[in-house]
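Read the structure below first, then the notes.
As structure tokens, this is what we get:
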């Protein structure tokens, strides 16, 4: 909980600074747009977090967004598929890609970084080839509720944000209250020991990629309708890094075995506030990434320093405790 | 031995809330081997950390070579001439032998380029290797050496740093019997050359063989020193635990044997040319002796399904069981307490509660969601039953001592009603008091009708605990000894493959 508390404070402080400097930050339109973005980015960041908790990583998300965006346009506009069928096909597709990554990682014993890096390159190329490297769009059609899911609102809350809340609630139960969640942490901490306790480590790891694929599919559909047109060479660029940054800011360790849903959601929110801050404070937008990089670095560094201090205090206490026990 | 090489006087070290060392004194003469023994938590490691500069003593003096010294870090200790051989070796297995010996002190050439002078390094390494009887090339990668050879490389490194005192912390815990003998001979040679040794070990048999003097610590205090023929097993145990341990080993009341657990023609990946067959009765402790690499751990891993056997039949109560994964084994009540507690026995960063319930988590779940109260109740009950010393069940397992960690591993399986329990080196690195407790637990389990297989490289343990002993040699069963046939000589003869080829192979 300490990690979440730290990053929450950072989030509140940043919001306060921006709100004071530019009152437009608290304007309805700005808040609504930010919540919409947090929703879209948060859903796949949770998936990324699960993968990171098992000690893995998924670099392919951004390219998967481009590929699924292109495919979605084709399915809906060229093949005239019913919207629900297209949605199911997209999510089944991203889950299949996750399963494939999981298979290569657990069966062929390849490193997650390599597998998903190849995915990043491969799916981007595939998307561009399929789209003949041309921008494709949904134009003005609604395709059932799909457009509304990305751009509409319920009870004044943007739909993607509501979807994130639902996803986060479900995934919180899964990660922090279920047997499966405990297994994810156990496998991420020590795969061997988990196996010696009868856990099917390979299946657990592979399943995290499949689950992340499903969440990426949902996010990807929302993002596609939010941008409304997909230019295959840039759509989703760097999005995997947003996911990783959100997870790490939220307390996931790249060594595996650590992290929380709440942390990931707050991490996502922090990243979007930072983006917004660059716009609202009149910082040159070319500095966008520089600002994010600097804040993430400072945040993680501060957390490291604080936890190192906590640890050294704990070690002294533990040393004392052991002596008296033995 | 006129002037001692090392003299600690009145050393006291206080940690918040605990007195780790209280007025401890220790002298080591030139060319003297002093064994330092005591239960875990007796203050041995604190004392060594003071010599290594990790901790500073609150009060007390250290004299080395007659001069008062203050040691602030390991580099200063090494500069004084103190070398350390830790239980977990500090070698870099991606470097070669010479590279390890001269790490950070590589002979250089090429001026400011600082290129490593390979030939010079090899030339300088060779005398040390010869002196220790280590017949490997300085260019051999450490990865290709056995643990014992890697340890010799560490000793060579200490000697190359002109160490006059070498501190060895549990040096034999990962060595085979033959390697242990080799190390003890090396210690004798070092002593003859005037090098002093502080030897920390739980294995009292070795202490008896190599020590000139035994210093016993208990609860951070000196409780006694034994010299010459005072160095006896019972005397050492009495000082360490402060009482006699009459029932150190609990013997069986006599068992009726029926074939309860049968392994037939088991072929493992490690020794595909060998087939292992044996029977274990309910209620017996079947010891597995042999040299390291004899295929005992591989047998255990095959039976538990960690490493799927190539071939073979396993029967429990006469019914054949198919084991392809630990889950299959666990479904039949066949469990393994593995050799490596920290990496395979426990997820050390998780809490005691989470570790205890990990293998049987589904029993504490409704619709896939964990019931914490049920989980905590079982963890509490197991910890109480096994006398696990932990501040609470929410403590991370890594904060527990070795003996208590082993009890947590046991607790995992005892909560699941074992029928066959395999122990791989059950008491490695565990202090005497906890050892006795674990032996008692094992005997209790046997009396409740569990079949226990115990792999051990500790000869005293094999002889003291087992009802029968199977001796393995190079992947196959070299022979089986009934309790009254068991002796160190009989086991060793089978272990080195001198006789018994005809028994079973």
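Protein chains in written order, with my numbering: chain A, 83 to 408; chain B, 64 to 568. Virtual Cβ for every residue (Gly too), placed ideally from N, Cα, C. Predicted model, so just to flag it, every value in this text is computed and none were measured.
Residue j beta carbon less than 8 Å from that of residue i
i: residue 376 (chain B); j: residue 330 (chain B); result: no
i: residue 299 (chain A); j: residue 173 (chain A); result: yes
i: residue 132 (chain B); j: residue 126 (chain B); result: yes
i: residue 109 (chain A); j: residue 194 (chain A); result: no
i: residue 350 (chain B); j: residue 525 (chain B); result: yes
i: residue 195 (chain B); j: residue 154 (chain B); result: no
i: residue 123 (chain B); j: residue 72 (chain B); result: yes
i: residue 232 (chain B); j: residue 95 (chain B); result: no
i: residue 201 (chain B); j: residue 277 (chain A); result: no
i: residue 346 (chain B); j: residue 510 (chain B); result: yes
Short CB-CB distance (under 8 Å) between residue i and chain A
i: residue 428 (chain B); result: yes
i: residue 412 (chain B); result: yes
i: residue 407 (chain B); result: yes
i: residue 71 (chain B); result: no
i: residue 465 (chain B); result: no
i: residue 431 (chain B); result: yes
i: residue 53 (chain B); result: This structure does not reach residue 53 (chain B), given that chain B is present from 64 up to 568, and the question cannot be answered.
i: residue 390 (chain B); result: yes
i: residue 515 (chain B); result: no
i: residue 75 (chain B); result: no
i: residue 417 (chain B); result: yes
i: residue 393 (chain B); result: yes
Cross-chain neighbours of residue i in chain B, by beta carbon under 8 Å
i: residue 250 (chain A); result: Near residue 250 (chain A) there are no residues of chain B at all, since even the closest Cβ is about 17 Å away, more than 8 Å.
Cut-off 7 Å between Cβ atoms - residues of its own chain near residue i, not counting five sequence neighbours on either side
i: residue 408 (chain B); result: 400, 401, 472
i: residue 304 (chain A); result: 122, 231, 232, 242
i: residue 298 (chain B); result: 289
i: residue 107 (chain B); result: 99, 101, 263, 280
i: residue 85 (chain A); result: 333, 345, 385
i: residue 256 (chain A); result: 262, 263
i: residue 70 (chain B); result: 90, 126
Listed by chain order, chain A residues near residue i by CB distance under 9 Å
i: residue 475 (chain B); result: 279
i: residue 422 (chain B); result: 278, 279, 280, 281
C-beta neighbour in chain B for residue i, strict 8 Å
i: residue 271 (chain A); result: yes
i: residue 274 (chain A); result: yes
i: residue 285 (chain A); result: no
i: residue 393 (chain A); result: no
i: residue 262 (chain A); result: yes
i: residue 191 (chain A); result: no
i: residue 390 (chain A); result: no
i: residue 110 (chain A); result: no
i: residue 268 (chain A); result: yes
i: residue 259 (chain A); result: yes
i: residue 342 (chain A); result: no
Close beta carbons around residue i, own chain, < 6 Å, minus the five adjacent residues each side
i: residue 565 (chain B); result: Because the pLDDT of residue 565 (chain B) is 40, which lies under 50, any placement of that residue in the model is unreliable, and the question is left without a value.
i: residue 411 (chain B); result: 405, 460, 461
i: residue 284 (chain B); result: 85
i: residue 74 (chain B); result: 84, 87, 120, 123
Under 8 Å from the C-beta of residue i: neighbouring residues of chain A
i: residue 369 (chain B); result: 277, 278
i: residue 401 (chain B); result: 278
Listed by chain order, chain B residues near residue i by CB distance under 9 Å
i: residue 339 (chain A); result: 410, 412, 413
i: residue 296 (chain A); result: The contacting residues do not exist; residue 296 (chain A) stays about 17 Å from chain B at best.
i: residue 329 (chain A); result: Here the premise fails: no neighbours, minimum Cβ distance about 18 Å.
Any non-hydrogen atom of the ligand HEM within 7 Å of residue i CB
i: residue 140 (chain A); result: For the ligand HEM, the structure offers nothing, since it holds no ligand at all.
Neighbourhood of residue i by C-beta distance below 8 Å, restricted to the same chain and skipping five residues each side
i: residue 137 (chain B); result: 115, 116, 117, 147
i: residue 169 (chain A); result: 228, 303
Which residue spans inside the stretch 120-179 of chain B form an unbroken beta strand (DSSP E) run of at least 3? 122-127, 130-132, 145-148
What are the uninterrupted segments assigned as beta strand (DSSP E) that are 3 or more residues long and contained completely in the stretch 466-543 of chain B, given in chain order? 483-487, 514-518, 531-536
Name the residues in the stretch 325-357 of chain B whose C-beta lies less than 9 Å from a C-beta of chain D; which are they? The displayed structure is made up of protein chains A and B, and chain D is not among them.
Taking the runs of the beta strand (DSSP E) that are 3 residues or longer, which of them lie wholly in the stretch 227-271 of chain A? none
May I have a chain-ordered list of the beta strand (DSSP E) segments no shorter than 3 residues that lie completely inside the stretch 116-168 of chain A? none
Length-filtered (4 minimum) alpha helix (DSSP H) runs lying within the stretch 175-206 of chain B: 181-194
Scan the stretch 322-396 of chain B and note each continuous alpha helix (DSSP H) run of 4 residues or more that stays entirely inside, going in chain order. 359-367, 389-394
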